[in-house]
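J.: When we follow my numbering, the leftmost residue of the first sequence carries the number 567, and every step to the right adds one. Every residue gets a Cβ at the ideal spot worked out from N, C-alpha and C, and that includes glycine.
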Amino acid sequence: MTTPGTTATHGDRGPADVIEVDDRLGRTYPGARTELDHRDAFELLVATVLSAQTTDVRVNSLTPELFSRWPDAAALAGADEEQVTALLRPLGMGGTRAARIIGLAQGLLRDHSGQVPDDQEALEALPGVGRKTAYVVRGTWFGHSLLAVDTHVARLSRRLGWTGSKDPVKVETDVVALVEQAATGSHGKGGSEEIDLTALHLRLILHGRRVCLARAPQCGTCVLADICPSAEVA
DNA sequence: ATCCCGAGGG
DNA sequence: CCCTCTGGAT
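(1) I'd like the list of long-range same chain contacts for C794, defined as Cβ closer than 8 Å, with 5 residues on each side in sequence excluded.
(2) In chain order, which continuous runs of the alpha helix (DSSP H) of length 4 or greater are located wholly inside the segment 597-655?
(3) Taking the C-alpha atoms as reference points, what is the distance between G844 and R663?
(4) Mapping the DSSP letters down to three states, classify S679 as helix, strand or coil.
(5) Tell me whether the beta-carbon of V703 lies closer than 8 Å to the beta-carbon of V719.
(6) Mind listing, in chain order, the continuous alpha helix (DSSP H) runs of no fewer than 4 residues lying wholly within the segment 704-732?
(7) In whole angstroms, give me the CA-to-CA distance for G705 and L642.
(8) Alpha carbons only, please: which of A688, P683 and A765 is nearest the one belonging to A714?
(9) If you draw a straight line from the C-alpha of V650 to the C-alpha of A791, how long is it?
(10) From E609 to A797, what does the alpha carbon distance come to, in whole angstroms?
(11) For E690, which of helix, strand or coil comes out of DSSP?
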């Protein structure tokens, strides 16, 4: 069995080697592909952009062929939009997705020589990239400890009792404290052992997708059920 | 606040 | 059938 907790390398390059998807929120999800399973930052960025409003499984089913045909920013920037559109058709939303990632590749090429920058503002300046996507890329690839309050995190937090604040920074702080407490049972005061927010985020995404579902939450198999106010009795 | 505009699940 | 999907741009 793997040990509880998470590990992530903090460096300036490469995906964090192993972020164990295994702790109380935990259990492992065999075969689950996450942001970590990418060859480079370009793939991670594009795949993350595609994942907006789309389920992970559907994106994962197309990315191998996508990156096989257009392996880097230069290739994708010059891609025939109709071909990309055809490939991404199963994801819905017509050609908007293809146009979006092609525009992103062009922006990368123009502003950063095709390289993905480890810079929040520079990333957000790219077309189709917002705060959440930039967080995920910088967190998983560049080793920063960041948690984006995406739909999964927001939903779980809501069910755990988060009433909602408008200040994004405060929201993040609240959510982290809430989830950390729920996940570890700690009261986060004396123990100043810093948790890896990126690792936590990746676990929350899996948990949100496999257990804490929007429509039919699987409370029967949720490790947080006993302390979750919204848990439904089987 | 609304659009994007579609497949698939509950 | 209706809602949801690792948001972003307007």
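T.: By the coordinates alone:
(1) R725, L726, A748, C785 and C788
(2) 607-616, 622-635, 639-643 and 647-654
(3) Absent from the model: residue 844. The displayed extent of the chain is 567 to 800, so no value can be given.
(4) coil
(5) no
(6) 717-725
(7) 24 Å
(8) A765
(9) 43 Å
(10) 37 Å
(11) helix
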